[in-house]
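Just below is one structure, and these are the notes that go with it.
There are 2 protein chains.
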Amino acid sequence: MARDKTEKVRQKIIKATDDLLYHKGFNQMSFSDIADASNVPRGNIYYYFKTKDDVLAAVIEYRIEQMRLMLDAWNTEFKTPLERLKRYANIPVIELANITRYGCPMGSLNTELGKSQQELLLISRKQYDTFLVWLKKQFKELVPDQDAKNLAMHLLILTQGLAVLAQSYGDKSLVRRENKIIENWLDSLV
Amino acid sequence: MARDKTEKVRQKIIKATDDLLYHKGFNQMSFSDIADASNVPRGNIYYYFKTKDDVLAAVIEYRIEQMRLMLDAWNTEFKTPLERLKRYANIPVIELANITRYGCPMGSLNTELGKSQQELLLISRKQYDTFLVWLKKQFKELVPDQDAKNLAMHLLILTQGLAVLAQSYGDKSLVRRENKIIENWLDSLV
DNA sequence: GTCTATATGAAGATAGAC
DNA sequence: GTCTATCTTCATATAGAC
Chain A
1 MARDKTEKVR
11 QKIIKATDDL
21 LYHKGFNQMS
31 FSDIADASNV
41 PRGNIYYYFK
51 TKDDVLAAVI
61 EYRIEQMRLM
71 LDAWNTEFKT
81 PLERLKRYAN
91 IPVIELANIT
101 RYGCPMGSLN
111 TELGKSQQEL
121 LLISRKQYDT
131 FLVWLKKQFK
141 ELVPDQDAKN
151 LAMHLLILTQ
161 GLAVLAQSYG
171 DKSLVRRENK
181 IIENWLDSLV
Chain B
1001 MARDKTEKVR
1011 QKIIKATDDL
1021 LYHKGFNQMS
1031 FSDIADASNV
1041 PRGNIYYYFK
1051 TKDDVLAAVI
1061 EYRIEQMRLM
1071 LDAWNTEFKT
1081 PLERLKRYAN
1091 IPVIELANIT
1101 RYGCPMGSLN
1111 TELGKSQQEL
1121 LLISRKQYDT
1131 FLVWLKKQFK
1141 ELVPDQDAKN
1151 LAMHLLILTQ
1161 GLAVLAQSYG
1171 DKSLVRRENK
1181 IIENWLDSLV
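If you're matching them up, the sequences are chains A and B in order. 1 is the number of the first residue of the first sequence in my numbering; add one for each residue after it. 1001 is the number of the first residue of the second sequence in my numbering; add one for each residue after it.
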């Protein structure tokens, strides 16, 4: 069916653009790059997406779907909020090569778009929102008497700062060292 | 003298570009932008700087000079390392409007250049180096028995993460809240 | 040193043949 | 649905008159 084919090509473009966006940034990523990476002829991309902004929106939507799947999996895999929070804090260690080379896919994009593309920032920021809602829920369960929203934001800040410095210096040992500090902090809350 | 005039115009371009770079990012900042902001005709910029990369290098050099002046002033103004470290941690509060709108001038640039302009990252990163050397010295004096280098890096991570989130959400109260957490951490070290 | 005109290339986006 | 050719705009950079 034509409908299915169209959707398949769309997904192929989105997945290829996801990596491209992470590796080059939004403004440095061109339609030619997208065409090359997705193996879809240059002009055809416009059949699936009207503008570059539309491609970005589709990639963000895709990323958030993937995130939700991941968080759902963590919810069943890990029985305690502490284990779940540690799993989150462990992302930079698991994604060591990528983080030290390209930074955080969410943070680097928000930083770029926040300069002079505020409308796009609002779309991209939903990635943070998705994590923050989940983190808040975990902290609420972990320490019901404390402000879960602030704790969630604080943990996000720690991981984002780590990503920025890890990328700037391409330093893997930094990631491992700071990860332990974050784990110790989480333990200290209980 | 012609020599002085040239140097004056150079400085005018550098100062205008400093703001532009912060507000738009390196790749989104054009020569036309630089010409407009510095009130130097478009073609003339090339008389003072051969390439865009050269302008960037000059701006970074200028920023680092300014930083050194600032740190020297802090060294005399504040008598204890704790006061100095708190002054550093207080930058995001003092620069509240800018940080919540454009993020950190060093961090956002490093994040951008780190994607696919590694040669330029090496130049830009010297901004971090300048702070890290100074921070390390303060921590060495504050807590001689602890690893000053790691503490300096940790403080830098905290402020950089804060800048990323503050910009993404344009949230001023976040900056104030996290600043207190950082101050409490510094106090706890002594 | 100053400025205008322009070369050259690549970007986003569109038209229209197949 | 697919693909090529092309429009338009804006970028970096240069040439050369003044």
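Backbone N, C-alpha and C fix where the C-beta goes; we use that ideal spot for every residue, glycine too.
- Closer than 9 Å at the C-beta level to chain A, one finds these residues of the segment 1172-1189 of chain B: L1174, R1177, E1178, I1181.
- Rounded to whole angstroms, the gap between the alpha carbons of S1038/B and I1013/B is 5 Å.
- Remark: C-beta atoms of L1135/B and L1109/B do not approach each other more closely than 8 Å.
- Counting only the Cα atoms, A1152/B lies some 25 Å from V1059/B.
- As summarised for the segment 33-93 of chain A, the continuous alpha helix (DSSP H) elements at least 4 residues long and confined to that stretch are 45-48, 52-77, 81-89, given in chain order.
- Pairing L189/A with V133/A gives a Cβ-Cβ distance that is not under 8 Å.
- For the segment 103-119 of chain A, the set of residues with a beta-carbon nearer than 7 Å to any beta-carbon of chain B comprises G103, G107, S108, N110, T111, E112, G114, K115, S116, in chain order.
- For the C-beta of K1024/B, the chain A residues within less than 8 Å are, from N- to C-terminus, K115, S116.
- Look at M29/A here: in three-state DSSP terms it is coil, with no helix or strand label.
- Contact between N179/A and V40/A is absent: CB atoms are separated by about 39 Å, not below the 8 Å threshold.
- Cα atoms of R1176/B and D36/A: separation of roughly 46 Å, rounded to the nearest angstrom.
- At a cut-off of 8 Å between beta carbons, R1125/B contacts chain A.
- Note that the C-beta distance between A1163/B and G1107/B is below 8 Å.
- With 16 or more other Cβ atoms from the protein chains shown falling within 10 Å of its own Cβ, Q138/A counts as buried.
- Annotation: I1099/B has no Cβ neighbours in chain A at a cutoff of 7 Å; minimum Cβ distance is about 11 Å.
- Contact annotation: I123/A and L56/A have beta-carbon atoms nearer than 8 Å.
- A direct Cα-Cα distance of roughly 19 Å separates D1187/B from W1074/B.
- Around the beta carbon of Y1048/B, a 10 Å sphere encloses 16 or more other beta carbons of the protein chains shown; the residue is thus reported as buried.
- Under the 8 Å criterion on CB atoms, V93/A is classed as non-interfacial with respect to chain B.
- If the five residues before and after L174/A are omitted, its C-beta is found closer than 6 Å to the C-beta atoms of A166, all from its own chain and listed in chain order.
- Distances from the alpha-carbon of D19/A to those of K126/A, C104/A, E183/A, Y46/A put C104/A closest.
- The three-state secondary structure of Q117/A, taken from DSSP, is coil.
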